[in-house]
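Quick notes on the structure that follows.
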Amino acid sequence: MVNMNTVSSALKNFYIMPLREDINLKADAFASRVMRTESNIVGYNKIVRAAIVGANGGAGAGSENGALPASGENQYVNLESDTKNLYGTLEISDKIVRSATGENPGAFVNILQQEMDTLTRTLKWNLARQMYGDGSGKLAVLGAASNSSAVTVSSSTQYVLPGLKVDLYAANGTAISQGLRVLDVNHLTGAIRLSANVTCSANAYLTVQGSAGYELTGLGKLFDGGSGNLYGLARSDYSWMNPYIKASFGAVSESGLQKVIDHLEDSYNVTVDHINCGSDAYGHYLELMNQRRAICDATVLEGGHRALTFNGIPLTRSKFMPAASIDLYDTSLFTLDQVADWEWIEGETRQVLHQKPGYPTYTATIAKYCDLMCALPGGIARLNGVAAPEPKAVLVTNA
């Protein structure tokens with residue numbers, strides 16, 4: 013017989029490990045290569061990561077009988093951030109639980125599995141999206157709307173999914189409406205249908221429910237070109253806190269990519285081991301390979317992510333990247349610093365499922381407290397404005 017104890021036990025002991033593996037390794041190719049660690053957590057809420065600045069000062073040369081080089085210990089600075097709170101909640105009705113008694117336990121198991129599968133997919137999507145975000149939580153910028161459930165996206169719909177619960181904010185950050193449900197998304201026209209009528213001016217924006225300003229310090233923050241603080245340090249004081257950003261890379265070429273890789277590796281002693289492309293940039297790279305009639309070597313990364321290779325470096329496409337951009341990373345610079353891995357929130361009774369007060373439903377919430385850190389932002393690069401390769405030259409000869 014199925015009851016709350018058996019369901020809670022199943023969620024804690026049977027579902028948790030596959031869920032962790034699925035989210036951590038399969039959400040995104042880049043995310044799967046970022047080391048997860050608990051060693052930089054201070055207290056319960058703060059991340060402090062020591063970063064080495066430059067070289068050790070103890071190297072040198074001298075005469076046969078002269079003094080040895082003076083020691084010069086490593087120079088460190090602390091990179092600091094607060095952990096961000098990531099949650100996922102599933103809900104099961106009492107009616108479904110009761111249907112599991114008697115002759116229909118299989119029906120309940122199927123429903124529970126479907127709920128877990130959907131929750132896992134959503135958590136994977138949300139984690140991957142945040143890895144590329146700027147921490148603001150913005151999903152899409154809207155055009156003006158007047159008492160209508162139909163709104164039009166003026167930016168991109170790539171971060172919006174049907175079924176999401178979202179909040180609507182004015183351009184200045186003032187909340188307009190909260191707890192809206194996205195009913196439909198037309199990715200071709202940019203039209204979105206919400207669960208209630210809204211009124212907003214142009215440049216209003218949507219966020220995931222309750223998430224505005226609470227999301228991971230993602231790649232979008234590292235590459236925002238800002239001069240303010242990052243990880244508690246003023247970027248203007250440390251040139252190595254600023255990644256290499258090319259505003260308009262132009263026609264994609266192998267020599268152009270290699271030139272940027274060489275710059276990063278020569279300047280900061282890093283090893284670029286991952287190239288990440290937006291959808292348009294990835295297509296342009298394939299055009300380049302087609303022009304050259306090159307054989308694109310492929311590889312499979314951890315988590316099953318397929319990748320092409322550029323001079324032995326995995327090259328992937330991410331739907332969360334800006335469409336016309338290419339990123340270059342040394343993945344060893346990144347960590348996902350976490351208090352612990354994904355875990356269910358348990359009450360005083362150590363149960364995962366709890367009745368929702370006043371409703372005939374039970375909810376379970378899974379949580380992870382973490383943030384994305386980069387020890388050397390100067391050692392990574394973003395190339396914007398990637399365009400199609402130059403047309404292949406055609407040799408014309410006189411007959």
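Sequential numbering from 13 applies to the sequence shown in our numbering. Virtual Cβ for every residue (Gly too), placed ideally from N, Cα, C.
For Ala140, the three-state secondary structure derived from DSSP is helix. Proximity to Tyr88 across Ala62, Asp106, Ile108 and Gly78 peaks at Ala62, based on C-alpha coordinates. Per the C-alpha coordinates, the member of Asn209, Tyr217, Ser105 and Val65 positioned closest to Ser158 is Asn209. Contiguous beta strand (DSSP E) elements confined to the region 147-209 occur at 150-153, 157-164, 177-181 and 187-198, taking only those with 3 or more residues.
Closest by C-alpha distance to Ile307, out of Gly315, Ile123, Gly316 and Tyr297, is Tyr297. Within a 10 Å sphere around the beta-carbon of Asn323 sit fewer than 16 other beta-carbons, which makes this residue exposed. Lys24 has no beta-bridge partner at all, per DSSP.
Lys38 has its alpha-carbon roughly 14 Å from the corresponding atom of Arg48.
Counting only runs of 3+ residues, the beta strand (DSSP E) found wholly inside the region 305-329 occupies 310-312, 318-322 and 325-329, in chain order.
Taking the Cα positions, Leu98 is about 18 Å away from Lys233.
Contact annotation, Gly185 with Gln221: C-beta distance approximately 16 Å; criterion of less than 8 Å not satisfied. Under the DSSP assignment, Glu402 falls outside any alpha helix (DSSP H); it carries neither an H nor an E label.
Counting C-beta atoms within 10 angstroms of its own C-beta, Glu227 has 16 or more neighbours from the protein chains shown and is therefore classed as buried. Between Asp179 and Ala187, the C-beta spacing is below 8 Å. Looking at the DSSP output, Arg61 shares a beta bridge with Leu91. Membership of Lys368 in any alpha helix (DSSP H) is not indicated, and neither H nor E is assigned to it by DSSP.
Look at the beta carbons and you see the region 377-397 touching the region 244-262: at least three pairs across the two are nearer than 8 Å. Short of 6 Å from the beta carbon of Tyr256, and not among the five residues preceding or following it, lie these beta carbons of its own chain, in chain order: Ala393.
Within the same chain, Cβ atoms closer than 8 Å to the Cβ of Lys368 are found at Glu103, Tyr374 and Thr375, the five residues on either side in sequence being excluded. Minimum Cα-Cα distance from Arg205 among the listed residues Asn215, Gly230, Gly175 and Ser213 corresponds to Gly175.
Cβ neighbours of Trp137 within its own chain (closer than 8 Å, five residues either side excluded): Ala39 and Leu173. Annotation: the continuous alpha helix (DSSP H) that includes Lys107 extends over Asp106 to Ser111.
Residue pairing by DSSP places His286 opposite Tyr341 in a beta bridge.
CA-to-CA, the gap between Ala156 and Cys382 works out to about 36 Å. The Cβ-Cβ distance between Ser44 and His317 falls below 8 Å. Around the beta carbon of Val65, fewer than 16 other beta carbons sit within 10 angstroms, so the residue counts as exposed.
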